[in-house]
Amino acid sequence: MLIGIGVWWGFAVSGFDIPAPPAVAERAVELIADGTLAEDAAASLVRVFTGFALGVLLAVPVGFLMGWYPPVRALVEPWIQFFRTIPPLAIIPLAIVLMGIEETPKIFVIFLASFLSCVIATLQGVVNVDRTLLNAARVLGAGDRVIFARVVIPASSPFILVGMRVGLGSSWATLVAAELIAAQQGLGYRMQSAQLYYDLPTIFVGLISIGVLGLAMDRLLLLAERRLTSWQETR
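By numbering that gives the first Met the number 0, the letter at position 125 of the sequence shown is numbered 124, and the numbering carries on one by one without gaps.
See below:
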């Protein structure tokens with residue numbers, strides 16, 4: 000971290016048109032003191048968490064259905080792959096027309112980014128389950144319900160958690176554009192407003208805040224991944 004700050008400071012004093020760390024720190028203190036940073040961070044966190052949570056909650060069962068039932072996979076996977084080629088940001092104009100300019104389109108765009116990442120990871124997790132484990136369970140008399148609960152779900156959990164981490168990154172990456180939709184609060188909104196006045200320190204505060212919050216959420220998911228998959232062999 001210190002090396003990164005040093006490099007940043009070096010670019011600032013070398014004539015590059017970026018604010019030095021002290022100027023950004025001073026602006027951050029001002030935004031913290033008047034409550035602006037906390038309000039913006041809270042608004043962005045609510046949007047990201049809501050869209051991300053909805054995306055994961057829908058992606059996991061859809062991914063399981065696609066992986067477990069070949070006809071469902073044949074029917075649904077082409078649509079998933081089709082929408083994966085369309086950047087979530089390209090959906091914004093359609094979302095505004097169909098959903099208005101309130102919170103719904105912002106959350107929907109974030110939801111779509113997380114859903115598409117997580118559903119593919121879940122599908123891969125189910126498809127990649129070791130067939131030896133499935134056959135052994137059937138030989139021992141286990142039915143489909145038991146096999147799914149005791150074999151497929153545990154074996155797929157590492158893939159799901161990786162998909163969640165990728166989806167979380169996609170959610171934060173989509174946030175700034177999502178907050179272009181008539182937002183009045185949020186880190187992305189604050190950065191866009193600062194752009195109009197060439198307020199680079201505020202933009203840097205927003206970037207750093209998004210990075211810190213995203214990293215913190217990713218570390219929490221990584222911790223959950225280690226706890227939930229501790230039964231796996233360490234390679």
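For glycine and all other residues, C-beta sits at the position ideal for the given N, C-alpha and C.
Just verifying my parser: in three-state terms, what is the DSSP assignment at A182? Numbered from its first residue, the sequence shown carries residue 182 at position 183. Looking at A182 - three-state DSSP - the assignment turns out to be coil, as it is neither helix nor strand.
Which residues in the same chain have their Cβ closer than 8 Å to the Cβ of A37, if we skip the five residues on either side of it in sequence? Indexing the sequence shown from 1 puts residue 37 at position 38. So the qualifying residues of the chain are I31.
Is S170 helix, strand or coil by DSSP? Counting from 1 along the sequence shown, the entry for residue 170 is found at position 171. Secondary structure at S170: helix, using DSSP grouped into helix, strand and coil.
With a cut-off of 8 Å on the beta carbons, I'd call V204 and G187 a contact; round off their distance for me. As a first step, residue 204 must be located in the sequence shown, where it is residue number 205. As a first step, residue 187 must be located in the sequence shown, where it is residue number 188. Contact check for V204 and G187: beta-carbon distance about 13 Å, past the 8 Å limit, so the pair fails to qualify.
Beta-carbon proximity of I17 to L199, cut-off 9 Å: By 1-based counting over the sequence shown, the position of residue 17 is 18. By 1-based counting over the sequence shown, the position of residue 199 is 200. Taking the C-beta atoms as reference points, L199 is found nearer than 9 Å to I17.
Suppose contacts are defined by Cβ-Cβ distances below 9 Å. Is L132 in contact with V150 by that definition? To locate residue 132, count along the sequence shown from 1; it is residue 133. To locate residue 150, count along the sequence shown from 1; it is residue 151. One thing to note: L132 has its Cβ within 9 Å of the Cβ of V150.
Decide if the segment 97 to 117 is in contact with the segment 37 to 55; the criterion is three or more beta carbon pairs, one per stretch, under 8 Å apart. Touching, per the Cβ criterion.
Please name the residue, chosen from A27, V45, W8 and A148, that lies closest to Q184 on a Cα-to-Cα basis. Position 185 of the sequence shown holds residue 184. Here the closest residue by C-alpha is V45.
Using a Cβ-Cβ cut-off of 7 Å (strictly less than) and excluding sequence neighbours within five positions of S156, which residues of its own chain qualify? One-based indexing of the sequence shown puts residue 156 at position 157. Here the set comprises L227 and T228.
Rounded to whole angstroms, how far is the Cβ of P104 from the Cβ of A94, which I believe are closer than 8 Å? Counted from its first residue, the sequence shown places residue 104 at position 105. Counted from its first residue, the sequence shown places residue 94 at position 95. The C-beta distance from P104 to A94 rounds to 4 Å, short enough to fall under 8 Å.
Tell me whether D39 is buried or exposed, calling it buried when 16 or more other Cβ atoms sit within 10 Å of its Cβ. As a working note, residue 39 is residue 40 in the sequence shown. In this structure D39 is buried. Its beta-carbon is surrounded by 16 or more other beta-carbon atoms within 10 angstroms.
For R164, the nearest candidate out of A215, M65 and V138 (CA to CA): Looking up residue 164 in the sequence shown gives position 165. In terms of CA proximity to R164, A215 leads the group A215, M65 and V138.
Would you give the residue range spanned by the alpha helix (DSSP H) that R72 belongs to? Counting from 1 along the sequence shown, the entry for residue 72 is found at position 73. P69 to R83 is the extent of the alpha helix (DSSP H) around R72.
What ranges does the alpha helix (DSSP H) occupy inside the segment 11 to 45, keeping only unbroken runs of at least 4 residues that lie completely in it? Taken in chain order, the whole alpha helix (DSSP H) runs of length 4 or more contained in the segment 11 to 45 are 20 to 32.
Hey, how far is the Cα of E25 from the Cα of P60? As a first step, residue 25 is located in the sequence shown; it is residue number 26 there, counting from the start. As a first step, residue 60 is located in the sequence shown; it is residue number 61 there, counting from the start. Roughly 47 Å between the two C-alpha positions.
For E178, count neighbouring Cβ atoms within 10 angstroms of its own Cβ and tell me buried if that reaches 16, exposed if not. Position 179 of the sequence shown holds residue 178. Buried: at least 16 other Cβ atoms inside 10 Å.
Three-state secondary structure assigned by DSSP to V128: Residue numbering aside, residue 128 sits at position 129 when the sequence shown is read from its first letter. Reduced to three states, the DSSP call for V128 is coil.
How should T201 be labelled, buried or exposed, when 16 other C-beta atoms within 10 angstroms of its C-beta is the threshold for buried? Numbered from its first residue, the sequence shown carries residue 201 at position 202. With 16 or more other Cβ atoms within 10 Å, it is buried.
Measure the CB-CB distance between I209 and W171 and report whether it falls below 9 Å. Looking up residue 209 in the sequence shown gives position 210. Looking up residue 171 in the sequence shown gives position 172. Yes, the pair counts as a contact, with Cβ atoms nearer than the cut-off.
Kindly indicate which three-state DSSP category Y188 falls into: helix, strand or coil? In the sequence shown, residue 188 corresponds to position 189, counting from 1. Reduced to three states, the DSSP call for Y188 is helix.
Rounded to a whole number of angstroms, what is the C-alpha to C-alpha distance between N134 and L56? Start at 1 with the first residue of the sequence shown, and residue 134 comes out as number 135. Start at 1 with the first residue of the sequence shown, and residue 56 comes out as number 57. One C-alpha to the other measures close to 29 Å.
CA nearest to the CA of G213, picked from A193, Q191 and L167: Here residue 213 refers to the residue found at position 214 when the sequence shown is read from its first residue. When only C-alpha atoms are compared, the closest one is L167.
T233, DSSP secondary structure in three states: Against the sequence shown, residue 233 aligns to sequence position 234. Its pLDDT being 48, under 50, T233 is placed unreliably by the model, and the measurement read from it follows with that caveat. Note: T233 maps to coil in three-state DSSP.
Based on Cα-Cα distance, which residue from P70, S113, R72 and D143 lies nearest to L88? In the sequence shown, counting from the first residue as 1, residue 88 sits at position 89. Checked all of P70, S113, R72 and D143; the closest Cα to L88 is S113.
Note the first and the last residue of the continuous alpha helix (DSSP H) segment covering I207. Locating residue 207 in the sequence shown gives position 208, where the first residue counts as 1. I207 -> alpha helix (DSSP H) spans L199 to L227.
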